[in-house]
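K.L.:
The numbering of the sequence shown is the working numbering, which starts it at 22 and goes up by one.
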Amino acid sequence: MKRRELLKSIGLMGGGAFFSPLANAFSSLNFFSSQAKNNLLPGNINFKPSGDLLKSAFGKDFIWGVSTAAPQIEGGWNEDGKSPSVWDVFSQIKGKIKTDEKPDMACNFYHKYSEDISLIKQMNFDAFRFSLAWSRILPNGVGEKNQKGIDFYHRVIDKCLEKGIQPWVTLYHWDIPQVLQDKGGWVNRDVINWFGEYVQVCSRAFGDKVKNWMVLNEPLAFTALGYLLGIHAPGKKGFKNFLPAVHHAAMCQAGGGRIIRENVIGSQAGTTFSCSPVEPFSGAQKHLITVEKFDAILNRLFIEPSLGLGYPVKSIKQLKRIDKYVKSGDAEKLKFDFDFIGIQNYTREIEKYHWFIPILKGKPVSAKNKKLEKTEMGWEIYPEGIFKMLKKFSSYDGVKKIYITENGAAFPDVLSNGKVNDKKRIIFFEDYLKKVLLAKNEGVKVEGYFVWSLMDNFEWAEGYRTRFGLVYVDFNTQQRIIKDSGLWFKNFLSE
Ligand code: FCB
Numbered sequence: 022m023k024r025r026e027l028l029k030s031i032g033l034m035g036g037g038a039f040f041s042p043l044a045n046a047f048s049s050l051n052f053f054s055s056q057a058k059n060n061l062l063p064g065n066i067n068f069k070p071s072g073d074l075l076k077s078a079f080g081k082d083f084i085w086g087v088s089t090a091a092p093q094i095e096g097g098w099n100e101d102g103k104s105p106s107v108w109d110v111f112s113q114i115k116g117k118i119k120t121d122e123k124p125d126m127a128c129n130f131y132h133k134y135s136e137d138i139s140l141i142k143q144m145n146f147d148a149f150r151f152s153l154a155w156s157r158i159l160p161n162g163v164g165e166k167n168q169k170g171i172d173f174y175h176r177v178i179d180k181c182l183e184k185g186i187q188p189w190v191t192l193y194h195w196d197i198p199q200v201l202q203d204k205g206g207w208v209n210r211d212v213i214n215w216f217g218e219y220v221q222v223c224s225r226a227f228g229d230k231v232k233n234w235m236v237l238n239e240p241l242a243f244t245a246l247g248y249l250l251g252i253h254a255p256g257k258k259g260f261k262n263f264l265p266a267v268h269h270a271a272m273c274q275a276g277g278g279r280i281i282r283e284n285v286i287g288s289q290a291g292t293t294f295s296c297s298p299v300e301p302f303s304g305a306q307k308h309l310i311t312v313e314k315f316d317a318i319l320n321r322l323f324i325e326p327s328l329g330l331g332y333p334v335k336s337i338k339q340l341k342r343i344d345k346y347v348k349s350g351d352a353e354k355l356k357f358d359f360d361f362i363g364i365q366n367y368t369r370e371i372e373k374y375h376w377f378i379p380i381l382k383g384k385p386v387s388a389k390n391k392k393l394e395k396t397e398m399g400w401e402i403y404p405e406g407i408f409k410m411l412k413k414f415s416s417y418d419g420v421k422k423i424y425i426t427e428n429g430a431a432f433p434d435v436l437s438n439g440k441v442n443d444k445k446r447i448i449f450f451e452d453y454l455k456k457v458l459l460a461k462n463e464g465v466k467v468e469g470y471f472v473w474s475l476m477d478n479f480e481w482a483e484g485y486r487t488r489f490g491l492v493y494v495d496f497n498t499q500q501r502i503i504k505d506s507g508l509w510f511k512n513f514l515s516e
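1) Whose C-beta lies closer than 8 Å to the C-beta of Leu459 among residues of the same chain, with five residues either side of it excluded?
2) Buried or exposed: where does Asn51 fall if 16 or more other Cβ atoms within 10 Å of its Cβ makes it buried?
3) Is Asn238 near the ligand FCB, going by C-beta to nearest heavy atom under 6 Å?
4) Quick one: using the 10 Å Cβ neighbour count with 16 as the cut-off for buried, is Lys335 buried or exposed?
5) Helix, strand or coil: which one does DSSP assign to Ala430?
6) Please list the terminal residues of the continuous alpha helix (DSSP H) segment that includes Arg176.
7) Suppose you measure from the CA of Gly35 to the CA of Ala245; what does that come to, to the nearest Å?
8) Give the secondary structure of Gly406 by DSSP, where H, G and I count as helix, E and B as strand, and everything else as coil.
9) Can you pull the DSSP bridge partners for Phe361?
10) Measuring CB to CB, does Pro301 end up less than 7 Å from Val312?
11) Check Lys307 in the structure and name its three-state DSSP category.
12) Does the segment 211-229 come close enough to the segment 367-374 that 3 or more CB-CB pairs lie under 8 Å?
13) Assuming Ser112 contacts Val200 (C-beta within less than 8 Å), just tell me the rounded distance between them.
14) Within a Cβ cutoff of 6 Å, which residues of the same chain sit near Trp400, ignoring the five residues on either side of it in sequence?
15) With Ala275 and Leu393 assumed to form a contact (beta carbons below 8 Å), what rounded beta-carbon distance in angstroms separates them?
16) Where Gln160 and Ala90 are concerned, what is the direct C-alpha to C-alpha distance, given to the nearest angstrom?
17) Does at least one heavy atom of the ligand FCB sit under 6 Å from the Cβ of Ala270?
18) Residues bridged to Glu372 by DSSP?
19) Please name the residue, chosen from Tyr219, Val212 and Cys181, that lies closest to Leu192 on a Cα-to-Cα basis.
20) Can you round the beta-carbon distance between Ala242 and Ser295 to whole angstroms, since I take them to be within the 8 Å contact cut?
21) Does DSSP classify Asn512 as helix, strand or coil?
22) Hey, how far is the Cα of Glu95 from the Cα of Cys128?
23) Among all the DSSP beta bridges, which residues are the ones paired with Gln187?
24) Under a three-way DSSP split, which group does Pro105 fall into?
25) From the DSSP secondary-structure annotation, give me the bridge partner or partners of Val441.
26) Should Ala154 be counted as a contact of the ligand FCB given a C-beta to heavy atom distance under 6 Å?
27) Starting from Gln339, trace the alpha helix (DSSP H) in both directions and tell me its first and last residue.
28) Considering only the alpha carbon of each residue, which of Gly102, Leu74 and Glu122 lies closest to Arg486?
29) Should Asn262 go down as buried or exposed, given a rule of 16 or more other Cβ atoms within 10 Å for buried?
30) May I have the straight-line CA-CA distance separating Trp509 from Arg446, to the nearest angstrom?
31) Flag Trp473 as yes when its Cβ comes closer than 6 Å to any non-hydrogen atom of the ligand FCB, and as no otherwise.
32) Let me check one thing: in DSSP terms, what residues is Ser88 bridge-paired to?
33) How far does the alpha helix (DSSP H) with Met398 in it reach, from first residue to last?
34) Which same chain residues end up closer than 6 Å to Met411 when comparing Cβ atoms and leaving out the 5 residues on each side of it in sequence?
35) On a Cα-Cα basis, can you pick out the residue from Phe489, Lys166 and Phe149 that is closest to Ser156?
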């Protein structure tokens with residue numbers, strides 16, 4: 022997700038663009054194991070975690086995983102009965118994806134899943150987080166099931182289990198079937214029933230094998246980018262789309278949790294949230310107003326209703342307009358006591374007060390220190406942020422435990438002599454993991470960490486340029502090469 026773009030658009034968009042007419046804007050490797058013993062690989066890269074960073078420090082029950090999402094890796098967009106998702110359709114529109122790349126083939130996981138799951142095993146991870154494509158399972162969105170689609174996920178799950186890898190399933194990672202989008206998608210209140218039916222089908226089909234479930238992936242991202250700013254599928258804009266989409270997603274979040282708990286014996290029902298620390302541009306009091314508002318949107322909008330706290334309308338009074346979409350009885354149905362929450366952190370945001378910007382009263386800016394290191398996404402590297410987010414989310418009564426369900430970085434990787442030396446990514450993981458450990462040692466119930474991502478993939482509107490994988494993918498040949506960061510994890514996790 023292009024967070025800075027999202028925030029900039031929100032902050033800068035004036036003239037009633039969104040709250041109109043309410044006034045203005047919201048605004049793999051035997052070779053390696055012998056090398057690992059002396060900690061070095063050719064090129065003098067230190068693969069041994071530095072300092073005190075040891076896997077054992079996180080405890081023997083800590084889960085180590087890799088994350089992916091169906092539209093970003095599967096390909097097979099129209100194979101074996103799958104219908105198009107919003108991303109299949111959106112990506113066909115010229116200019117929507119940088120360089121006009123399409124997810125049609127992506128990483129061809131649909132055919133290469135067995136090899137890919139073997140790579141996860143080779144890197145010594147315990148868990149694989151992937152999402153189900155709604156339009157592969159229910160090509161009409163509801164109604165008739167596509168057995169071939171269901172069988173595909175059985176093959177993926179069975180392969181994981183055969184390799185001793187826990188399958189962690191996300192029900193929705195941004196790919197509503199286009200047939201449902203044609204009826205309004207997340208804006209249509211009927212999505213609550215459509216999604217409920219989909220969750221019933223998935224939990225009944227896979228519940229005897231899959232115990233760890235996540236209902237939604239980052240609901241703020243798909244509602245804001247897809248239904249407010251129009252830069253993600255399905256490309257809708259404005260508050261008339263955003264506010265109902267938010268309310269319906271929040272209803273589905275809780276409703277999906279209830280269905281999982283009812284249908285899956287021994288389940289852990291969770292859902293995931295994007296989050297970033299929001300910090301003031303300077304110590305001046307005025308920036309704090311802006312900080313509170315951005316924090317409400319970026320970090321509180323979806324977790325608080327599930328905890329029974331409602332939407333953060335005290336911080337952003339214009340959010341009250343969501344009441345128009347709230348029916349009697351909804352307040353109760355918005356609540357669900359998730360067994361865990363997943364938090365996904367990549368960077369931080371800095372906000373500067375501007376009196377003339379309506380609603381959010383300011384906009385995101387770069388940190389004063391311009392020398393701060395950034396990733397290929399333009400996101401500042403800020404390991405302290407993951408510590409702050411763990412503290413913040415664990416401080417809510419009702420949050421029972423946390424998994425980091427995504428964290429990672431895109432860098433301009435180069436394949437040279439069959440290797441990818443991604444030292445910066447290794448340093449990124451070491452620094453972030455130290456902060457996760459610090460939070461754990463200070464009592465935060467953080468019980469697992471999933472790397473974004475297993476392999477380079479289709480990064481939404483960015484296309485294939487921004488590489489987040491531990492495994493390098495040559496998109497011309499579909500060849501996979503474990504990067505040095507993947508080898509780093511292999512060594513770290515072998516302890
Ligand atoms: C997250 C998304 C994930 C990927 C990473 C970089 O917001 O959940 O699919 O795009 O960002």
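Every residue gets a Cβ at the ideal spot worked out from N, C-alpha and C, and that includes glycine.
All figures in this text were calculated on a predicted structure; none of them were measured in a lab.
P.N.:
Quick look at the numbers:
1) Phe408
2) Because Asn51 carries a pLDDT of 26, less than 50, the predicted location of this residue cannot be relied on, and the following value inherits that uncertainty. Exposed, since its Cβ has fewer than 16 Cβ neighbours within 10 Å.
3) yes
4) exposed
5) coil
6) Gln168 to Lys184
7) Here Gly35 scores only 32 on pLDDT, less than 50, and its place in the model should not be relied on; the value that follows carries that caveat. If I take the Cα positions, the gap works out to 16 Å.
8) helix
9) Gly291
10) yes
11) helix
12) no
13) At roughly 17 Å, the Cβ-Cβ gap does not stay under 8 Å, so Ser112 and Val200 are not in contact.
14) Tyr367 and Thr368
15) Not quite, the Cβ-Cβ distance comes to about 38 Å (not below 8 Å), so this is no contact.
16) Before going further, note that residue 160 is Pro rather than Gln in the sequence given. The straight-line gap from Cα to Cα measures roughly 18 Å.
17) no
18) Pro301 and Pro385
19) Tyr219
20) 5 Å
21) helix
22) 6 Å
23) Ala148
24) coil
25) Leu436
26) no
27) No alpha helix (DSSP H) holds Gln339; DSSP gives it neither H nor E.
28) Glu122
29) buried
30) 10 Å
31) yes
32) Arg150 and Trp473
33) From DSSP, Met398 is part of no alpha helix (DSSP H); its letter is neither H nor E.
34) One point to set straight first is that residue 411 is Leu, not Met, in the sequence displayed. Excluding residues within five positions, the ones whose Cβ falls inside 6 Å are Ala460, Val465 and Val467.
35) Lys166
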